[in-house]
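Numbering (our numbering), first residue to last: 1378 to 1604. Just so it is clear, CB atoms sit at the ideal spot from N, CA and C, and this is done for glycine as well.
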Amino acid sequence: MTPFANHDVENPLFSEAEFVAGFHAIGEERYHHKHPFHLLMHDGRLTRGQLQAWALNRYYYQSRIPIKDAAILARSEDPAFRRAWRKRIVDHDGDGTKPGGIEKWLRLVEATGLSRDLALRSAGILPATRYAVQAYVEFVSTCSHLEAVASSLTELFSKRLITLRLDRLRQHYPWLCGGLDYFTGRLTQATEDCEFALSWVVKHAPTRREQDLAHAALRAKCDILWA
1378 MTPFANHDVE
1388 NPLFSEAEFV
1398 AGFHAIGEER
1408 YHHKHPFHLL
1418 MHDGRLTRGQ
1428 LQAWALNRYY
1438 YQSRIPIKDA
1448 AILARSEDPA
1458 FRRAWRKRIV
1468 DHDGDGTKPG
1478 GIEKWLRLVE
1488 ATGLSRDLAL
1498 RSAGILPATR
1508 YAVQAYVEFV
1518 STCSHLEAVA
1528 SSLTELFSKR
1538 LITLRLDRLR
1548 QHYPWLCGGL
1558 DYFTGRLTQA
1568 TEDCEFALSW
1578 VVKHAPTRRE
1588 QDLAHAALRA
1598 KCDILWA
């Protein structure tokens, strides 16, 4: 007798195209490109102090990305997955010969007029920032491996936002131009990362329940970014 594990009359399995389209719909609705703070940034209406606060709080998130990715990598027993995923850690930590994303973000902090020591000590970050970032690391450490990988799919939307952000930061805040290397690097890194992650998620979500969990994980990540 053939099992009908994927048979759900009310909630049938999405086709691959429908499943992927669901991620893009979530991004259009919930990604932080619509956050009021970012809209003000792109319109050139932020003060230096507001940009400093943004860079400082965002650094805390950046500093935890390799920890988050190490947690995801450690949960996989597939060498091919681990080889692909460890690239993310190197991208942010650097490889000892060139700066990674964390160092590049520290240079952005310095470009705003703050010291890197302030960022390294996590001094002055908002409690909500600390809570949201720690919640994300906890999420990828305790949810299913599928959900953890799916939560990274905000990278599907980041290239468009980064392209816009680079243009507007250069236009409205030229004094930051020496600290924007993080964004130029992510234009290619994020594209490569999300291509692998999306392919992996599609392959490892064979049931509607797993597809729904993957979509929910991306929604949760978007909510964290709004914090």
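{"Query": "Among residues of its own chain, excluding the 5 on either side of residue 1513, which ones have a beta-carbon nearer than 6 Å to its beta-carbon?", "Result": "1601"}
{"Query": "Which of helix, strand or coil does DSSP assign to residue 1424?", "Result": "coil"}
{"Query": "Alpha carbon to alpha carbon, what distance is there between residue 1470 and residue 1605?", "Result": "There is simply no residue 1605 to check, as the chain begins at 1378 and stops at 1604 in what is shown."}
{"Query": "Please return the same chain residues whose Cβ sits closer than 8 Å to the Cβ of residue 1393, not counting the five positions on each side in sequence.", "Result": "1579"}
{"Query": "Where in the region 1427-1454 do unbroken runs of the beta strand (DSSP E), each at least 3 residues long, occur, reported from the N-terminal end onward?", "Result": "none"}
{"Query": "Would residue 1510 and residue 1449 be called neighbours here (beta carbons separated by less than 8 Å)?", "Result": "no"}
{"Query": "Measuring alpha carbon to alpha carbon, tell me which of 1482, 1592, 1569 and 1532 ends up nearest residue 1497.", "Result": "1482"}
{"Query": "Given this structure, state the Cα-to-Cα distance separating residue 1537 from residue 1441, to the nearest angstrom.", "Result": "23 Å"}
{"Query": "My guess is that residue 1530 and residue 1595 are in contact by the Cβ rule of under 8 Å, so how many angstroms apart are they, rounded?", "Result": "5 Å"}
{"Query": "DSSP state of residue 1478, grouped into three classes?", "Result": "helix"}
{"Query": "According to the Cβ coordinates, are residue 1557 and residue 1575 closer than 8 Å?", "Result": "no"}
{"Query": "So residue 1396 and residue 1533 are in contact, right, with Cβ under 8 Å, and what is the actual spacing, rounded?", "Result": "With 8 Å as the limit, residue 1396 and residue 1533 do not qualify as a contact, their Cβ atoms being about 13 Å apart."}
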